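I have placed the structure first, in the form of structure tokens, so that the comments after it can refer back to it.
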Amino acid sequence: MVATDALDEIRQICPQAEAMEEAERDYVFLPNLKLPPGRQPAVVDALLCLSPREGYPTRLFLSAPLPDRGQNWGQYHILGRAWHSWSWTHVQGAQRPAQILAQHLMALR
Amino acid sequence: MENRLARQSFLGEHSAAVLAAVRVGIVGVGGGGSHVVQHLAHLGVGRFVVLDPDCVEDTNLNRMVGATVEDVLRATPKVEVAARVIQAVNPNADVLPVKSAWQERGELLRDCTAIFGCVDCFAAREQLETAARRYLVPYLDIGMDVHPIGSEFSISGQVILSMPGELCMRCLGVINEAALAREATQYGAAGGRPQVVWPNGLLASAAVGLFVQLVTPWHAKPVATEYLEYDGNRHTLTRSNRLVAMLGQVCPHFESIENTGDPFWLPTAELAPGKGSLRNTGSLQPR
Amino acid sequence: MRVAFKITRRLVAGVQADLRRPHAFAAERVGWLRCRVADSPAGSLLVLAHDYFPVEDSDYVEDWSVGARMGSAAIRKALQLAYDTKTALFHVHLHDHRGRTWLSPVDSREAAKFVPDFWHVRPEMPHGTLVLSRDSAAGRCWLPGGQVVEIGEIIIVGAPVVRILEEHGEPPRTPELPRRT
Chain E
136 MVATDALDEI
146 RQICPQAEAM
156 EEAERDYVFL
166 PNLKLPPGRQ
176 PAVVDALLCL
186 SPREGYPTRL
196 FLSAPLPDRG
206 QNWGQYHILG
216 RAWHSWSWTH
226 VQGAQRPAQI
236 LAQHLMALR
Chain V
199 MENRLARQSF
209 LGEHSAAVLA
219 AVRVGIVGVG
229 GGGSHVVQHL
239 AHLGVGRFVV
249 LDPDCVEDTN
259 LNRMVGATVE
269 DVLRATPKVE
279 VAARVIQAVN
289 PNADVLPVKS
299 AWQERGELLR
309 DCTAIFGCVD
319 CFAAREQLET
329 AARRYLVPYL
339 DIGMDVHPIG
349 SEFSISGQVI
359 LSMPGELCMR
369 CLGVINEAAL
379 AREATQYGAA
389 GGRPQVVWPN
399 GLLASAAVGL
409 FVQLVTPWHA
419 KPVATEYLEY
429 DGNRHTLTRS
439 NRLVAMLGQV
449 CPHFESIENT
459 GDPFWLPTAE
469 LAPGKGSLRN
479 TGSLQPR
Chain G
59 MRVAFKITRR
69 LVAGVQADLR
79 RPHAFAAERV
89 GWLRCRVADS
99 PAGSLLVLAH
109 DYFPVEDSDY
119 VEDWSVGARM
129 GSAAIRKALQ
139 LAYDTKTALF
149 HVHLHDHRGR
159 TWLSPVDSRE
169 AAKFVPDFWH
179 VRPEMPHGTL
189 VLSRDSAAGR
199 CWLPGGQVVE
209 IGEIIIVGAP
219 VVRILEEHGE
229 PPRTPELPRR
239 T
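Chains as they are written, first to last, in this note's numbering: chain E, 136 to 244; chain V, 199 to 485; chain G, 59 to 239.
Set out below in structure tokens:
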């Protein structure tokens, strides 16, 4: 599970962030996450996976795909809900979760 | 048509009623899934949820049961072909065809008696099994592969019964991070993978047999977990040595209660605790 | 609101084995099933049992008028469990016979006293009580908001999959548990 101090740090970006887990992987649920300016939709629910999955060291899933950012969008079913993510493998796990989130969001600028 | 199921009365005194009452989810109704659909329709299964986002193409005609040239020309959704196959055999069946990636409509699988996964990648298998475990639904997985070996080919496949509370596909070595990572690097290559009808039929039949033994009492010792490996070159379908070695062990992969139920569930207005506590219709919130 | 309760065969077997253990003075044992919930597409509420916590030996109170009496410590621990783990809690005990079973008048009376207490800690969750026989089950669910319903369907997930449907109408009279002699 995500450490409390790491979660507090992420809550400075997304105040309602919650730690979650499924099948031995750690996630941070980020409701109403504001995406970088100019993106549509501007606000989405997001799920930050902090554990390796499908060859990605970490991954950010969104409740809706972004038509004009990212490549190879795929659909996923995690925690009983539908999510979308794109091909972006460059964010390593050995960082603070807030840094991981920031790097994923940078890819959507 | 009262005698329609007379020849399978050995399945049990009330088997016709039992099969009519079950609801089966089938994810992927192309190759293997089309055989599953057909088998279950003939058995008298009464309720179906079939999910597949695709339409029939000419390259499906070598293996998709029920698909026709007309379907290719019309680009018929595969789920419509499945519904047609079912209702031609059992007009009373309740069929919900969903032309969508199952990940978008996973909630439709929650109250299925069993889910058949007839998908073509490990990532989808893993997610399906995890979803099935979350809602305590038995999951049956089938899949086949054709591998070049020098100038020849090898056909292989598997049938897996993954039962909540018992060994999972991770325990059985079918799902692992290495396989998932390898698959992710081959993104885009899945569409042209070799596929052919007879292994699909064999694997689907075995999976349906495992399902029937779960819901009808036709023999005294139904199995809760199964992993059958198909060797298409030797024409064998045999229990995996991995399963034999692991029988009796407890699955550790879904131990946490966070793997059970809807983590975003809130009571509806009908169930509002006290006053003023309504379901969150905006962003999802875990409790 | 229709309630369907799902539990794995493995968990049922584990619960039955624990509930059959003898106790120093209680005629029967009781425990708690930790559950989570989900909505079914058909509009029912799915209650999904995940694991089991027995009431500890020292948390029983001697009371020869009933088969088992939990002390306040047992309730307090269960309340803490429900609160800490955000779960729906179902009290469970065993009628050790074959065939259909029902909550006895004592079961019903006692459950009505303590189950609503769980809303003090988890008001958003349903809570309830389940009784197992050797091959059947029945139960009652207290829904958030106060509605109390018989569990309409209990599904034991395993080999085989068994669906136990609640039968409408009056249950047969179940004899009270005999006093210890």
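The C-beta atom is built at its ideal place from N, Cα and C for all residues, glycine as well. This one's a predicted model, so the numbers in the text were calculated from it and none came from an experiment.
CB contact check: residue 358/V to chain G, cutoff 7 Å: no
Contained beta strand (DSSP E) runs [length at least 3] in the segment 281-313 of chain V, N- to C-terminal order: 292-296
Where the segment 300-312 of chain V meets chain G: residues whose CB sits under 7 Å from a CB there: 305, 306, 308, 309 and 311
Beta-ladder partner(s) of residue 17/G, from DSSP: Outside the shown range of chain G (59 to 239) lies residue 17/G, about which nothing can therefore be said.
7 Å Cβ shell around residue 214/V - same chain, five flanking residues per side excluded: 203 and 242
Endpoints, beta strand (DSSP E) assigned at residue 213/G: 211-215
Within chain E, partners of residue 201/V - CB distance below 7 Å: Per Cβ cutoff of 7 Å: no residues; residue 201/V is ~42 Å from chain E at best.
CB contact check: residue 269/V to chain E, cutoff 7 Å: no
Buried or exposed (CB count within 10 angstroms, at least 16 for buried), residue 239/E: buried
Cα-Cα separation between residue 379/V and residue 189/E, rounded to whole angstroms: 5 Å
Reduced DSSP category for residue 455/V - H, G, I as helix; E, B as strand; rest coil: helix
Candidates 344/V, 457/V and 438/V: closest to residue 431/V by CA position: 344/V
Proximity below 7 Å, CB of residue 355/V to CB of residue 341/V: yes
Assigned secondary structure, residue 275/V (DSSP; H/G/I helix, E/B strand, else coil): strand
Residues sharing a beta bridge with residue 218/E, DSSP: 211/E
Any 3 or more C-beta pairs closer than 8 Å across the segment 144-154 of chain G and the segment 176-196 of chain G: yes
Any beta strand (DSSP E) of 3 or more consecutive residues that is wholly inside the segment 142-175 of chain E: 153-157 and 160-169
Member of 466/V, 338/V and 449/V whose CA lies at the smallest distance from the CA of residue 424/V: 338/V
Whether residue 62/G touches residue 104/G by CB criterion (7 Å): yes
Counted within 10 angstroms of its Cβ, other Cβ atoms place residue 334/V as buried (16 or more) or exposed: buried
Contact between the segment 174-187 of chain E and the segment 313-323 of chain V (3+ Cβ pairs under 8 Å): no
Buried or exposed (CB count within 10 angstroms, at least 16 for buried), residue 233/V: buried
Counted within 10 angstroms of its Cβ, other Cβ atoms place residue 223/E as buried (16 or more) or exposed: buried
Neighbourhood of residue 243/E by C-beta distance below 8 Å, restricted to the same chain and skipping five residues each side: 170, 171, 174, 201, 204 and 205
Buried/exposed call for residue 445/V, threshold 16 Cβ in 10 Å: exposed
Members of the segment 146-163 of chain G near chain V, C-beta cut-off 9 Å: 146
Closest Cα partner of residue 147/G within the set 98/G, 117/G and 88/G: 88/G
Member of 276/V, 239/V and 240/V whose CA lies at the smallest distance from the CA of residue 256/V: 276/V
Residue 402/V CB to nearest heavy atom of the ligand PLP below 6 Å: This structure lacks the ligand PLP, and indeed carries no ligand of any kind.
Where the segment 435-463 of chain V meets chain G: residues whose CB sits under 7 Å from a CB there: 455, 458, 459, 460 and 463
Collapsed DSSP secondary structure at residue 160/G in the structure displayed: coil
Residue 246/V, enclosing beta strand (DSSP E) - first and last residue: 245-249
Pairwise C-alpha distance: residue 170/G and residue 164/G: 10 Å
C-beta atoms of residue 291/V and residue 279/V nearer than 7 Å: no
Beta-carbon gap between residue 186/G and residue 198/G smaller than 7 Å: yes
Buried or exposed (CB count within 10 angstroms, at least 16 for buried), residue 90/G: buried
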